[in-house]
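A.B. asks: The numbers in the sequence shown follow this note's numbering, run straight up by one, and end at 456.
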Amino acid sequence: ARGAVMRLGERETVKIPAIPTGSVALDVALGVGGLPRGRIVEIYGPESSGKTTVALHAIANAQAEGGVCAFIDAEHALDPEYAKNLGVDTDNLLISQPDNGEQALEIADTLVRSGALELIVIDSVAALTPKAEIEGDMGDSHVGLQARLMSQALRKMTGALNAAGTTAIFINQLREKIGVMFGSPETTTGGRALKFYASVRLDVRRIQTLKDGDEMVGNRTRAK
233 ARGAVMRLGE RETVKIPAIP TGSVALDVAL GVGGLPRGRI VEIYGPESSG
283 KTTVALHAIA NAQAEGGVCA FIDAEHALDP EYAKNLGVDT DNLLISQPDN
333 GEQALEIADT LVRSGALELI VIDSVAALTP KAEIEGDMGD SHVGLQARLM
383 SQALRKMTGA LNAAGTTAIF INQLREKIGV MFGSPETTTG GRALKFYASV
433 RLDVRRIQTL KDGDEMVGNR TRAK
């Protein structure tokens, strides 16, 4: 009835089905039990901090639930053996190694609109180099091209992800800002659009190298 008052307990809460990250503590911290479906997630941090590892764990978990996943390898650096060791079914993982940023984002958009995907990972934003920058002369001005490319693509992709219930993970590098006196000297690449469109932003840091005797066996990472 209109204007009726009810106890909150009587109303079913809308559960956002989530993709487990592989870390119970992180799933709890995210509040919905993992990475929310149909949303954009940004995983950022310094180089070699474990960002791709977090994304691959999410792929393994989504596949374990029967989901189809895609990995846009703009870095051209995906190690299938390493992915396999983390539990990724590499035989059934859709992989693309695009030539430029436009192509990467177009492929991502097409895959999302197919409605078949549970999860898509774009590795990484820094590697989404605009075509004009790859083909152009060194002297040409490409300032702001990548930021524009990202904001157009994300604006288009947000609704499609939501409609399809697909989660998109964008992996992003942290860079040092030159000559910063106040505030954080670190910045992410690709302009401000990703910050704006991402429902979840994970800051991943390596805090310790795990050793077995003298052998390096892994890294302890912290996400916040």
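All residues carry an ideal CB built from backbone N, CA and C; glycine is no exception.
Can you name the start and end residues of the beta strand (DSSP E) that Leu351 belongs to?
C.D. replies: 349 to 355
A.B. asks: I need the DSSP call for Val273, collapsed to helix, strand or coil.
C.D. replies: Note: Val273 maps to strand in three-state DSSP.
A.B. asks: Name the residue from Ala359, Val256, Tyr429 whose alpha carbon lies nearest to the alpha carbon of Ala392.
C.D. replies: Tyr429
A.B. asks: Rank Thr399, Arg407, Leu426 by C-alpha distance to the C-alpha of Pro252 and give the top, closest one.
C.D. replies: Thr399
A.B. asks: Since I believe Ala379 is in contact with Gly423 (beta carbons under 8 Å), could you give me their beta-carbon distance rounded to a whole number of angstroms?
C.D. replies: 3 Å
A.B. asks: Rounded C-beta distance between Ala306 and Pro330? I'm assuming under 8 Å.
C.D. replies: Going by Cβ atoms, the distance from Ala306 to Pro330 rounds to 6 Å, so yes, they are a contact pair.
A.B. asks: Using C-beta distances below 6 Å, list every residue in its chain close to Gly397, excluding the 5 sequence neighbours before and after it, in chain order.
C.D. replies: Arg269, Gly270
A.B. asks: Count the other CB atoms within 10 Å of the CB of Pro312; is the residue buried (16 or more) or exposed (fewer)?
C.D. replies: exposed
A.B. asks: Which same chain residues, not among the five before or five after Asn394, have their C-beta less than 7 Å away from its C-beta?
C.D. replies: Gly270
A.B. asks: Taking Leu434 as the reference, which of Met382, Ala261, Asp323 has the closest Cα?
C.D. replies: Ala261
A.B. asks: Give a yes or no on whether the C-beta atoms belonging to Gly254 and Ala292 are separated by under 9 Å.
C.D. replies: yes
A.B. asks: For Lys283, I'd like the list of residues in its chain whose CB is within less than 6 Å of its CB, leaving aside the five on either flank, ordered along the chain.
C.D. replies: Ile275, Gly277, Ile403, Val436
A.B. asks: Excluding the 5 residues preceding and the 5 following Ala336 in the sequence, name in chain order all residues of the same chain whose CB lies nearer than 6 Å to its CB.
C.D. replies: Ile304, Ala306, Pro330, Leu360
A.B. asks: Among Gly265, Ala294, Ala302, which residue has its Cα nearest to the Cα of Val344?
C.D. replies: Ala302
A.B. asks: Starting from the N-terminal side, write out each stretch of the alpha helix (DSSP H) that is 4 residues or longer and does not extend beyond the segment 277 to 347.
C.D. replies: 283 to 296, 312 to 317, 333 to 345
A.B. asks: Taking only the alpha-carbon atoms, compute the straight-line gap between Val432 and Gly266 and give it to the nearest angstrom.
C.D. replies: 10 Å
A.B. asks: Relative to the C-alpha of Arg407, which residue among Leu258, Ala425, Val357 is closest?
C.D. replies: It is Val357.
A.B. asks: Pull up the distance between the alpha-carbon of Pro249 and that of Gly368, whole angstroms please.
C.D. replies: 44 Å
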